[in-house]
Structure formats: C-alpha cells, structure tokens
Amino acid sequence: MKLQLDQIIPDKTFLNAPFEQDPSKVDTPYAFIGIPYGPPYHFTDLTACALGPTEVRWESHRQNYALNWSHYDFDYGDALFPDGLPTVTDCGDLQGDVRDPDAIWEQGTDHIRKLVQKGTVPLVVGGFDSIPPIIAGAFESEVINILHVDSHLDFRHERYGVTRGYSSPIRRIREFPWVQDIVQVGLRGAGSARPEDVADALESGNKLFTAWDIHNRGPEAILDALSAKGRWVITIDCDGLDTSIAPAIGAREPGGLTFHEIRTLVAGLANQNKVAALVFTEYQTAKDIQAITAHTITRLMLNVIGAQRSPKPEVAFVA
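To convert a position in the sequence shown, counted from 1, into my numbering, add 188.
What follows is the structure in structure tokens.
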C-alpha cells in the first residue's frame, strides 16, 4: 500500500471501484472509507483492527465481486451495477497520529461530512467501537436515527477517565441533538454496562432488543421499531453477529445475529432507501477464519448498494 498525505492509497480498491482521495470530489452514491482506529483505552487498541478495511477490499476481489459487476445477484434481484458503471468510490483509509488519537475524531467527522454534503452514503470499516460517533457527528444538518447492532450496550459515560472510548459511543451519539431514534439490537451476555447504564439508556429513549428477542420474534418484527421518519445510520459491531459469520472479534459471545437476521434488517432499510451510512467496527483481522468476517461485511455492503436505488431519499433536515 502506498502512503500519501494523511491517507493510504490501497493497492486494490473495494469492488475495483475508482479511487478518490478527496471526499469533496466524490460523485457516486456510495463511498468506501477506512477509519482504522478511534480514541483507545490502551495502545493495542490502535492496531487490532487496523487492517480491517484492507481485508474487506481484498475479499471483494477474492470472491470476484470486483469483476462480476454485470452478474445477477439473488440477494436483491439485479446486477450489482446494472449500467456497467460503479456507484461506489474508494476513499482510502484515514491515518491519524497515534500520539494524538483524539484527532482522528475531528478528522474523520470532517471527511464524512464532505461525503454527506455531496449526498453520498459512507460505507465505513472502522477500528474499535469508538468510531460510530465520528460518523453520526457528520449529520448535524439532518435528522437521523441509529440502528446499533452489538452484544454490548456501549452507554457508559466514561471508562478509565476516557469519555470517547468504545464503552461510550452510543452515550456520545445520544448527546447529538440531530439524533432521533436509537434502536439497539443483539444485546446479550455481560459487558461493561452496569444496571444504571441500562436505566440511563432506557430513560434517554433508546429501544433495546436482546439477541433472544430477534431469535424468538424474527427480524421482521424488529423492522416495526425502525419506522421513524428520516434516514438511519447502521453501525454494526462485529461481536453483535453470530461467531459463525463473524469469528474475528475480541469478545466472543454465543448467540449473535445470524446472516439472515442481520441481512433482513440492513436490506429492510435499504429497500426503503433509508440507509444514511453503514459502519462496521471491531473486525480484528488476525482472528478471522478463511476471511469469513470480511466476506460477511462485504455481502452486507453489497446488499445496501444493490437494494438502495434511486430515487433520492426524503431527507429530514434540522430546523
């Protein structure tokens, strides 16, 4: 990979799409971008997920998705790019100063904001789960909703004195006045959340669904909770998924969402043209098995690109 300025130019782009370093010059409906890390608790947090965007790019080539643009995809009933022209641009990976990890927050939000202002949907592969507020923070002119898929609540105010770490992203997002509904799906097991954090999340208006709610009621039932006006930022911590489709995680908990379940939620919003951004976090490449996690991420991104077609969505702007 080649280093240029504050971004890395990939040897292979996602889906063999064109590369554009400057997000303000992107003119496609979608943009793939890597944000390898956010504010950490420990220096190892800066490296565990750093190669996630690269691995997803390579998986799009290994599975020939990057070559078979005109082939029929049964997930959404059409070719990926029916007109033969890619609807996605690869914007490379943001590279921050490891001595100042908080700076990636402002830099990342600035990059995503430029995409949002162009009407482009960001497809993000990030580091640990401190990434989502970086994305949601770029939508300050639009009323948005959040679908958060995770085994953990992530609603701590702070941990070890850090307020922007990966135990706090949904608390930080809830502080944004332009965020309306927050629906949290896939919760299970025990994490950093304490009873008072759960109480705070519920009091703030968050809707919480355990993994068992999804398994017992079916993902279609949860789609009823995603009926709020406005678009949705979908943020998926890979440990919210079942380990059979996402083994490359640090906090393994049995019983996560299956591919059918997560695909139903993602495609359900995409079919309504309501996906504002799709974000994946905590993909630890060194723990993957035959690139299963990379393949899952790629397939879900393809479902958004394929299912969410024109016309342009009805965007609710902040008054």
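Think of the CB as a built atom: it goes at the ideal place given N, C-alpha and C, for glycine as much as any other residue.
As the structure is a prediction and not an experimental result, all values here were calculated from the model.
Here proline 321 is actually not in contact with proline 365; their C-beta atoms are around 13 Å apart, not less than 8 Å. The Cβ atoms of glycine 315 and cysteine 237 sit closer than 7 Å to each other. The continuous beta strand (DSSP E) containing threonine 277 extends over residues 276-282. The three-state reading of DSSP puts glycine 428 in helix, counting H, G and I together. Here asparagine 333 is buried: its Cβ has 16 or more other Cβ atoms, across all protein chains shown, within 10 Å. The beta carbon of tyrosine 225 sits closer than 6 Å to the beta carbons of Leu234 and Gly315 from its chain, once the five residues preceding and following it are set aside; these are given in chain order. Within the model, the alpha-carbon separation for leucine 375 versus aspartate 401 is close to 9 Å.
Runs of the beta strand (DSSP E) lying entirely within the segment 351-400, each at least 3 residues long, are 367-375 and 395-398 in chain order. Per DSSP, reduced to three states, the secondary structure at glycine 296 is helical.
The alpha-carbon of glutamate 346 is positioned some 28 Å away from that of alanine 413.
Of the candidates Asp476, Ile493 and Ala458, the residue whose Cα lies closest to the Cα of leucine 203 is Ile493. Glutamate 330 is not a Cβ neighbour of valine 454, given a cutoff of 7 Å.
A distance below 6 Å between beta-carbons, with the five flanking residues on each side excluded, links aspartate 369 to the following residues of its chain, in chain order: Asn333 and Ala416. Counting only the Cα atoms, arginine 250 lies some 13 Å from threonine 484. Alanine 324 places its beta carbon less than 7 Å from that of isoleucine 361.
Scanning its chain for C-beta atoms nearer than 7 Å, with the 5 sequence neighbours on each side dropped, one finds around threonine 201 the residues Phe207, Arg245 and Asp278, in chain order. Distance from the CA atom of alanine 464 to the CA atom of alanine 205, rounded to whole angstroms, is 20 Å. With the rule of 3 Cβ pairs closer than 8 Å, the segment 445-453 does not count as touching the segment 297-317. With a threshold of 16 other beta carbon atoms within 10 Å, tyrosine 264 meets it and is buried. Taking the Cβ atoms as the reference, arginine 440 lies roughly 6 Å from threonine 431, within the contact range of under 8 Å.
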